[in-house]
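*Asks:*
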Amino acid sequence: MSARLDFTELNSSTKASSQRVTTIGKLLVGITGGVALGLTVICAPFVSPALRKFCLPYIPATTEQVANILKALKGEKEPCWT
12 MSARLDFTEL NSSTKASSQR VTTIGKLLVG ITGGVALGLT VICAPFVSPA
62 LRKFCLPYIP ATTEQVANIL KALKGEKEPC WT
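For the sequence shown, the tail end lands on 93 under our numbering, and the numbers increase by one without skipping.
1) In the DSSP assignment, find the alpha helix (DSSP H) that holds T73 and state where it starts and stops.
2) To the nearest angstrom, how far is the alpha carbon of G41 from that of A47?
3) With a CB to CB cut of under 8 Å and the five nearest residues on each side skipped, what residues in its chain are close to L62?
4) Whole angstroms are fine: how far does the CA of P71 sit from the CA of G78?
This is the structure in structure tokens:
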């Protein structure tokens, strides 16, 4: 009987430690997934232009270029896109 009792105690302590590891494992998986999702959301706007068929870089216009465009459109009565 005593051997059977020892096995029962061993089995119950193993289940308890196994349950603890499982809880810690789930917590680590959740944290890792959250960090991965956060990095994906932050990096997506910077990576997505490189995945296009024709990659066009964004180059901002200088104030001189904007002034030239406004000067060229000054005499227009209608917008040029109609």
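Glycine included, every Cβ here is placed at the ideal spot set by N, Cα and C.
Here the structure is a predicted model, which is why all the values come from computation and not from measurement.
*Replies:* Let me spell this out:
1) Premise fails: T73 is in no alpha helix (DSSP H) and is neither H nor E.
2) Distance from the CA atom of G41 to the CA atom of A47, rounded to whole angstroms, is 10 Å.
3) Counting only Cβ-Cβ distances below 8 Å, and skipping sequence neighbours, we find nothing.
4) The sequence shown places Ala at residue 78, not Gly. Taking C-alpha positions only, A78 is separated from P71 by approximately 14 Å.
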